[in-house]
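Engineer: The opening residue of the sequence shown carries number 540 in this note's numbering; numbering runs sequentially from there.
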Amino acid sequence: MIILASDTSGKSISVALSKEGTVIEEISGQDTMQHASSLLPAINQILQNNDLSIADIDLFATTTGPGSFTGIRIGLSAVMGLAYGTGKRVYGVSSLATLAAAIADAALLVAPVVDARGGRVYSGLYLKGESLIEERPREISAFLETLVDKFPQDEKIVFVGDGSPLIQEYLDEQEREHPLNVAEERFVFAEPEKNNISAAQVALLAQAAYLRGESFPAAHELEANYGIESSAKRNLKKKGDK
540 MIILASDTSG
550 KSISVALSKE
560 GTVIEEISGQ
570 DTMQHASSLL
580 PAINQILQNN
590 DLSIADIDLF
600 ATTTGPGSFT
610 GIRIGLSAVM
620 GLAYGTGKRV
630 YGVSSLATLA
640 AAIADAALLV
650 APVVDARGGR
660 VYSGLYLKGE
670 SLIEERPREI
680 SAFLETLVDK
690 FPQDEKIVFV
700 GDGSPLIQEY
710 LDEQEREHPL
720 NVAEERFVFA
730 EPEKNNISAA
740 QVALLAQAAY
750 LRGESFPAAH
760 ELEANYGIES
770 SAKRNLKKKG
780 DK
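1. Within 10 Å of its beta-carbon, does Leu-621 have 16 or more other beta-carbons around it, so buried, or fewer, so exposed?
2. Return the chain-ordered list of same chain residues with a C-beta closer than 7 Å to the C-beta of Gly-604, the five sequence neighbours on each side being excluded.
3. Taking the CB atoms as reference points, tell me whether Ala-739 and Ala-555 lie closer together than 8 Å.
4. Spell out the partners DSSP gives Pro-651 in its beta bridges.
5. Kindly identify the DSSP beta-bridge partner or partners of Tyr-630.
6. Compute the Euclidean distance between the alpha carbons of Glu-724 and Arg-659, then round it to the nearest angstrom.
7. Between which two residues does the alpha helix (DSSP H) carrying Ser-576 extend?
8. Got a sec? Which residues, its chain only, sit under 7 Å from Gln-746 by beta carbon, not counting five neighbours each side?
9. Mind listing, in chain order, the continuous alpha helix (DSSP H) runs of no fewer than 4 residues lying wholly within the segment 719-761?
10. Which two residues bound the contiguous alpha helix (DSSP H) that contains Tyr-623?
11. Rounded to whole angstroms, what's the CA-CA distance from Glu-674 to Ser-592? Just pull it up for me.
12. Rounded to the nearest angstrom, what separates Ile-566 and Ile-585 at their Cα positions?
13. With a cut-off of 8 Å on the beta carbons, I'd call Leu-744 and Val-632 a contact; round off their distance for me.
14. Bridge partners of Tyr-661, per DSSP?
15. Just to confirm my understanding: we take Gly-624, look at its own chain, exclude 5 residues before and 5 after, and list those with CB closer than 8 Å. What are they?
16. Write down the C-beta distance between Lys-667 and Ala-643 rounded to the nearest angstrom, noting that I regard them as a contact closer than 8 Å.
17. Taking only the alpha-carbon atoms, compute the straight-line gap between Asp-711 and Ala-655 and give it to the nearest angstrom.
18. With respect to the beta strand (DSSP E) encompassing Lys-558, which residues constitute its N-terminal and C-terminal limits?
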């Protein structure tokens, strides 16, 4: 099983190849948001580096969001086009689930967070790969209150994703007078390099799904997970309400 995996949901792109469950190469771009001009060249490069053609790929895997609306559209369009052209299947996975899977300590509660702008984060909570709460955008203060109210005080929660600095900033602003009255040591933060989604992790998740016998959708069935409506759609609705 040769898997070509990609992520375009954040500021940078990531492309990876795996063979029989082993990642053989990963290419990650800079934080430039130039997904449209860099994704396909990165795919071509990684194929050339490994003497493969697009026809050699057995499964295409990608994050479906939430994250950058533009990035998600570009990434899904590319993957769907490649899969459709080769008649191969696709595997789509949540950006938040991918971030959570990168944390090696399975005993920890993992809170993947992606910047949703305006003081909000796309957020979720995972334990041993299982989602414990609904993935959706939340105000940072409300998200922290949810974690405190619903989960035991003695359990550590590790934040990961590009929303982590926002969580840290919020906690710093509250200092020790934080209204949640949560001990600082309860909330911990993953290493900064884990805050960017890795296509290698996407490939490993796809391989695991394959080994579990999951069925994969056809190219045209892959759906984006934007989390919230785009600003363009919200503006249109506002105009329609006037």
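Virtual Cβ for every residue (Gly too), placed ideally from N, Cα, C. Remember, predicted model here, so these are calculated numbers, not experimental data.
Structural biologist: Per the coordinate set shown:
1. So Leu-621 counts as buried.
2. Ser-548, Ile-611, Ser-634, Ala-763, Asn-764, Tyr-765, Gly-766
3. yes
4. Val-699
5. Ala-600
6. 23 Å
7. Its alpha helix (DSSP H) spans residues 574-588.
8. Met-540, Ile-542, Ser-557, Gly-560
9. 738-750
10. 608-625
11. 36 Å
12. 7 Å
13. 5 Å
14. In DSSP, Tyr-661 forms a bridge with Val-653, Pro-676.
15. Ile-593
16. 12 Å between Cβ atoms; not a contact.
17. 20 Å
18. It spans 553-558 - the beta strand (DSSP E) in which Lys-558 sits, taken as one unbroken run.
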